[in-house]
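K.L.:
Quick one: this structure, given as structure tokens, is what I'll be asking you about.
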Amino acid sequence: MNARVAALAWGLLVLAAQALLPLTVRDRLPDPLATHWGPGPDGSMSFTAYVAMVVLVWAVPWLGVLAAQRALAHRPGRMLWWGVLFGMGALALGMNATTLLANLDAPDWGAARLPGWAVLAVISASGAAAAAAGYLRRGAPDEPVPVAVRPPLLRLTAGRRTVWVSRVGNPWLTLITAVGAAALTVPAALWLTGVVAGASAMPIVVGLVIVLVTGVLTSSVSVRAGDDRVVVQFGLLGRPVLRIPLSKIASAWAEERHPGQVGGWGIRGLPGSATIMLRGGECLVLGYRTGGQLAISIDDAARGASLINALIAERVDS
């Protein structure tokens, strides 16, 4: 089975189980029910808020793991990816199941009891699931080795203004942003209507706001080359903006790069030697006169590099 299909199927199965498990025993649970434990139960949550929480506890990291698949394409990373996917799923299910068992038939949330062996069983089961999934997926093929492509120099026509523009978006980051926006309405609505106390809803709301803002700012990138600079714009709003004068660029070229080679998604590396990685594959690489580099995962990178080199040559000749 295709890895992405298997991951989607597993994630949807866990998501359905997270919602259905509490719904099937709702009549046997106190409302509110105990959700936090010290020596005994010391925190509670309404049934509605609990269902929303257990769904989000799995949905948000699951989508994040799906988005990181290409970043962990080599054998060690691939084993880690499958281990995290199945281990986190087993942990989410185990936490849900043990919480429900602790509250089952209790007259109120203060009477709920969570035995120590149940916690150890959940941790052991999730660890075993992670180890088994990583071991079974160890033999899939690795990503290809990156290859740099030096494009031919374009010939610019005198008196004509030439511009190259390209954009790329990460559909999984966009999906996470959309899910975060949709999920944000659930705890916010429960909070505003008084169903859930502010103290219970606030951590979930803050976490989802962070996911939403991060997705809006980083789910896409566009590059514009022309005149005397290269302009890189981030996110759906085109902000923030990075402007690089051509006077700072020695040359440009196209190169195959993948998240596994640069350390993952997003902005990787340090100023002067960084990669803006939203999807594996073709990247535009800018070589600075100071010796550093900036690589940007973008479509049609070879054409963009050709134009940048032509504009640099034109500046040198003029």
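Under the numbering used here, think of the first position of the sequence shown as 543, with each following residue one higher.
Think of the CB as a built atom: it goes at the ideal place given N, C-alpha and C, for glycine as much as any other residue.
Since the structure is predicted, the reported quantities are computational estimates derived from the model, not experimental observations.
I'd like the span of the beta strand (DSSP E) that includes PRO813, first residue to last.
P.N.:
Taken as a continuous stretch (DSSP letters only), PRO813 belongs to no beta strand (DSSP E), as it is neither H nor E.
K.L.:
Would you kindly work out how many angstroms separate the C-alpha atoms of LEU642 and LEU754, rounded to a whole number?
P.N.:
Roughly 30 Å separates the two Cα atoms.
K.L.:
For the segment 555–562 and the segment 582–592, state whether three or more C-beta atom pairs, one from each stretch, are separated by less than 8 Å.
P.N.:
The segment 555–562 is not in contact with the segment 582–592.
K.L.:
Let me know the secondary structure DSSP gives ILE752 once reduced to three states.
P.N.:
DSSP places ILE752 in helix when its eight states are reduced to three.
K.L.:
Does ALA682 come out as helix, strand or coil in the three-state DSSP assignment?
P.N.:
In this prediction, ALA682 scores a pLDDT of 49, lower than 50, which makes its location untrustworthy; the coordinate-derived value is nonetheless stated afterwards. Three-state DSSP puts ALA682 in coil, outside helix and strand.
K.L.:
Would ILE850 be called buried (16 or more neighbouring beta carbons within 10 Å of its own) or exposed?
P.N.:
ILE850 should be labelled buried.
K.L.:
Using 10 angstroms around the beta-carbon of VAL664, count the other beta-carbons present and answer buried if the total reaches 16, otherwise exposed.
P.N.:
Answer is buried; the Cβ neighbour count reaches 16.
K.L.:
Say whether the segment 789–806 touches the segment 824–833, bearing in mind that this needs 3 or more beta-carbon pairs closer than 8 Å, one atom from each stretch.
P.N.:
These segments touch.
K.L.:
Taking buried to mean at least 16 other C-beta atoms within 10 Å of its own C-beta, is SER848 buried or exposed?
P.N.:
By the 10 Å Cβ count, SER848 comes out buried.
K.L.:
In three-state terms, what does DSSP make of TRP571?
P.N.:
Per the sequence shown, residue 571 should be read as Leu rather than Trp. Note: LEU571 maps to coil in three-state DSSP.
K.L.:
Leaving out the 5 sequence neighbours to the left and right, which residues in its chain are closer than 6 Å to SER764 when beta-carbon positions are compared?
P.N.:
Excluding positions up to five away in sequence, the list reads ARG709 and GLN775.
K.L.:
Can you tell me whether LEU779 sits near the ligand SAM, meaning its C-beta is under 8 Å from at least one heavy atom of the ligand?
P.N.:
Among the components modelled here there is no ligand, and therefore nothing to report on the ligand SAM.
K.L.:
Between the segment 810–821 and the segment 832–844, do at least 3 Cβ pairs fall closer than 8 Å?
P.N.:
At 8 Å Cβ cutoff, the stretches touch.
K.L.:
Per DSSP, which residues does TRP795 bridge with? Please list them.
P.N.:
The partner list for TRP795 (beta bridge, DSSP) reads VAL827.
K.L.:
Could you say which of LEU779, VAL748 and VAL773 lies nearest to LEU759 if we only look at CA atoms?
P.N.:
Comparing Cα positions, the closest option is LEU779.
K.L.:
Compute the Euclidean distance between the alpha carbons of ALA559 and ALA594, then round it to the nearest angstrom.
P.N.:
Looking at the two C-alpha atoms, the distance is approximately 13 Å.
K.L.:
Using the DSSP secondary-structure output, state which residues sit across from ARG766 in a beta bridge.
P.N.:
Answer is VAL707 and VAL773, bridged to ARG766.
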